[in-house]
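Residue numbers (the working numbering): 2 to 234.
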Amino acid sequence: MELTSETLTRYVLPLLSAALAGSLIGLEREARGHPAGLRTHTLVCLASALLMLAAVHQTEWVRTTPMEVIRIDPVRMAHGILTGIGFLCGGVIFRQGLSVHGLTTAASLWVTSALGTLYGVSSYGLALGGTVATVVVLVGFRWIDEHMPASNIIDVTVRYRRDGVFPEDDFQALMTRLKLKPRSVRHKLVGAGGAIELGATLRGPSNVQTRALAEALCDDARVLRFEIVPRND
């Protein structure tokens with residue numbers, strides 16, 4: 002293929018634009034230490050643009066096929082790309098205790114793939130606007146989230162020895178002392194009936210210290226084990 006101005010406009014510019022857009026989004030994810038970072042987002046956007054370019058210009062790589070039987074339908078390729086990216090997005094979502102993490106990274110991969118398809122069909126206005134909006138959401142909204150008044154949500158599971166009085170009153174009293182409000186308390190008999198496990202999703206002030214809760218549970222002789230998981234995506 003001869004490198005002409007038309008070739009640059011039709012092929013090189015969409016690919017470079019897609020790679021740059023994916024890099025900008027990936028940099029934010031990389032800086033936050035998320036599982037899908039710079040390289041992943043760049044490759045996703047670049048691959049989407051490549052596939053859309055192949056779909057749009059397929060008459061140039063099927064020259065031996067009669068023109069009357071060729072059906073150019075980039076929409077089908079776009080559907081395939083966005084469906085396939087779902088498997089990659091599912092790989093970055095994981096559950097830790099009662100919390101689900103990675104949803105924002107999965108969403109950023111999905112929108113990166115969508116941007117790649119737009120760059121692939123040379124829809125630069127829409128693609129550029131989407132890139133700017135995505136970066137604003139990831140960077141600007143995080144600043145808003147960190148500075149707006151909010152309460153922390155943590156998931157707590159505590160396993161008590163099955164002796165003496167039922168431990169829920171002590172559990173509730175501890176939560177009240179630490180200004181934590183459980184929505185409801187879950188009960189479970191474990192250890193062949195030798196232990197009682199209580200679990201709750203707690204809401205507290207934004208400056209709540211999970212260490213204070215952990216220290217209080219460590220000082221309780223009836224506690225066999227506990228798990229404290231702050232909810233942060």
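All residues carry an ideal CB built from backbone N, CA and C; glycine is no exception.
From a predicted model like this one, the values you see are computed outputs, not experimental measurements.
Counterpart residues of residue i in DSSP-defined beta bridges
i    : result
T158 : G200, E228
V191 : A196
P183 : L203
F95  : H102
Three-way DSSP call (helix, strand, coil) for residue i in this model
i    : result
G205 : strand
V101 : strand
Pick from the options that is closest to residue i, judged by C-alpha positions
i    : options                : result
I26  : T84, P168, K182, V137  : V137
L190 : A213, A215, G205, R163 : R163
V133 : E29, E228, L14         : E29
C90  : V76, G81, T106         : T106
A79  : A48, G92, V93, G205    : A48
A196 : G165, H35, R160        : R160
D220 : R232, D171, R187, S185 : D171
R223 : F95, V166, V186        : V166
P168 : R187, N153, L110, L179 : R187
R178 : R40, L218, S185        : L218
T211 : M176, S185, E198       : M176
L16  : A108, A128, P75, F88   : A128
P75  : T84, F88, Q59          : Q59
V230 : V101, T10, E198        : V101
Distance CB(residue i)-CB(residue j) smaller than 9 Å
i    : j    : result
T158 : P183 : no
L116 : A174 : no
S18  : H42  : no
S114 : I155 : no
S124 : L14  : no
G121 : A32  : no
L110 : A37  : yes
V45  : I94  : no
Y12  : L54  : yes
T118 : A50  : yes
L181 : G200 : no
F227 : A215 : yes
G130 : V112 : no
G194 : L225 : no
H35  : G103 : yes
R232 : N153 : yes
Cβ-heavy atom distance, residue i to the ligand FAD, below 8 Å
i    : result
C219 : What this structure holds is no ligand at all, so the ligand FAD is not there to describe.
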